[in-house]
Every structure is written in structure tokens, then in C-alpha cells.
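Working notes, beginning with the structure itself.
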Amino acid sequence: MNELIGRVLDFQREVFPIRSDLYERLATKGQSPKALMISCADSRVVPEEIMRAQPGDLFVCRNAGNIVPPYSQANGGVTSTVEFAVEALGVRDIIVCGHSDCGAMKGLMNPEITAKMPNVAAWLRHSAAARQVVEANYPDLSPEEKPRAAALENVVVQLTHLRTHPSVAACIARGKLTLHGWYFDIQQGGVLALDGQTGRFRRIEHDQPIPVALAAAPRRAADIDAPVYAEAAE
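Position 144 of the sequence shown, counting from 1, maps to 149 under the working numbering, and the rest follow consecutively.
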């Protein structure tokens with residue numbers, strides 16, 4: 006802890022003076038982050054470092070398993086963060102980012118790990134669909150390989166949950182919001198992105214467009230491309 010405290014002092018002495026103009030602007034004009042990133046709380050996964058983000062660039066929500074509970078009337082930190090990011094900050098990109106060697110996914114696939122952590126076990130129920138997808142569709146994977154598959158499938162599940170949030174659904178319908186599903190490989194430093202067209206993840210490369218899970222485009226289900234049905238006779 007003393008080492009971490011020392012870094013705070015280093016920030017005050019060495020970093021802040023160099024960026025004082027940036028912090029002054031953020032303090033006086035407020036924040037306008039470019040994206041909301043929902044990532045795991047794992048200490049090895051640092052969203053700002055992965056994206057080389059400066060202060061003010063990224064709105065971040067971190068929790069065990071990068072989980073987005075489906076919308077409900079019960080208040081929650083993730084729900085409030087999503088709502089504030091979309092409605093108050095006008096964020097137009099949301100990234101759900103899983104990662105390799107995820108402890109939450111190990112606990113998801115091996116419930117005995119969380120036997121003495123009832124709150125963690127309850128939280129991971131929001132990823133139950135990912136566990137069932139892996140168990141039903143990846144029969145050839147070893148127990149050691151299943152958490153990685155679960156981490157990838159969990160990103161897909163959480164993106165689905167995200168779309169149940171009213172603020173997100175409304176923004177998607179207006180064509181103002183893009184959704185991204187990412188997977189960060191801690192050892193390799195690479196990032197896989199979900200391609201919504203193929204349903205598969207592929208590595209982000211500098212010379213190729215970044216795959217997106219759901220591209221921004223107006224989506225109004227009530228706009229019917231068909232003749233108007235005649236009213237039934239009385």
C-alpha cells in the first residue's frame with residue numbers, strides 16, 4: 006500500500022503539472038466521454054490502458070464478470086451507470102469487454118469455487134445463459150478450456166441484456182448507438198471483437214475495420230414495408 010500511496014505523490018508532483026490544462030478544461034467544462042466501457046474488475050484489465058485513453062475519454066463501469074443485469078425496476082450500479090452514460094452524457098458507443106483467465110468465468114463453470122461466496126454466486130446468475138451455451142454446444146472442450154469459451158459467450162449474453170435497458174433500446178431505435186463486444190487476451194495483449202454479422206469474434210487489426218456487434222442504424226419495428234391492411238368490416 007505504501008508503494009501505491011507513493012504513486013499518488015508522484016502523480017501530484019510529476020504528472021498533474023504536465024496535464025494541468027487538460028484537468029482545468031475537464032473541471033470547468035465537464036466531461037464528454039467518447040464511449041462507455043463495461044469491463045471486468047480484474048486488476049489485470051485496465052480499460053484506460055488498453056484504449057490508451059486520456060482523462061475524460063472513457064466512461065468506465067467495472068464489476069466481476071463484466072456483467073450487465075437485465076433491466077428491472079430495482080436500482081443497481083450498472084443500470085444507473087448505463088442510463089447516465091446514454092441519457093446524460095450522450096455516449097454513442099458501448100463496449101462490453103471480457104478477458105482471458107477470468108475468475109468470474111471459472112466460478113461460473115465450476116460452482117464449487119463460489120460455494121463460500123453467496124453474493125458472488127448470486128451475481129453470476131446473470132451469466133447463467135453463457136454457462137448453458139457452453140455446456141450444450143462445446144462438448145469437446147476440457148474443463149480447463151471451458152472458462153475461455155464462457156468468457157466469449159458471456160460477452161454475447163451481456164450485450165443482449167444491455168438491449169433490455171430502456172435508454173439503450175431507445176437510442177438504438179434512433180440509430181444513435183453502436184454496441185461492441187470485446188475480449189482482451191492478457192498474455193498476448195490482443196483484443197478480439199464480436200462481428201455481429203457472423204456472430205464470431207476476430208482479432209482487431211490496425212489495417213482492418215473494427216468489427217461491431219451492432220452498428221448504429223435506425224431500427225423501428227413498426228415501420229412495416231407492406232400494404233396497409235384494410236380494416237375489418239363491421
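Note that CB positions come from ideal geometry on N, CA and C, so glycine has one too.
Values in this document were obtained by computation on a predicted structure and should not be read as measured data.
Check, Outcome
"Cβ pair PRO75, HIS185 closer than 7 angstroms", "no"
"Run of the alpha helix (DSSP H) containing TYR28, from where it starts to where it stops", "25-34"
"C-alpha distance - GLY82 paired with VAL96, whole-angstrom precision", "17 angstroms"
"Through-space distance from ALA133 to ALA141, alpha-carbon basis", "12 angstroms"
"Same chain, Cβ closer than 7 angstroms to MET56, neighbours up to 5 away in sequence not counted", "LEU63"
"Pair within 7 angstroms by beta-carbon distance, THR183 and ALA221", "yes"
"C-alpha gap between ILE10 and SER25, whole angstroms", "20 angstroms"
"Where the alpha helix (DSSP H) containing ASP15 begins and where it ends", "7-15"
"Cβ-based neighbour list, LEU41, same chain, cut-off 6 angstroms, excluding 5 preceding and 5 following", "PHE64, ALA90, VAL96, ILE99"
"Element boundaries [beta strand (DSSP E), containing VAL101]", "98-104"
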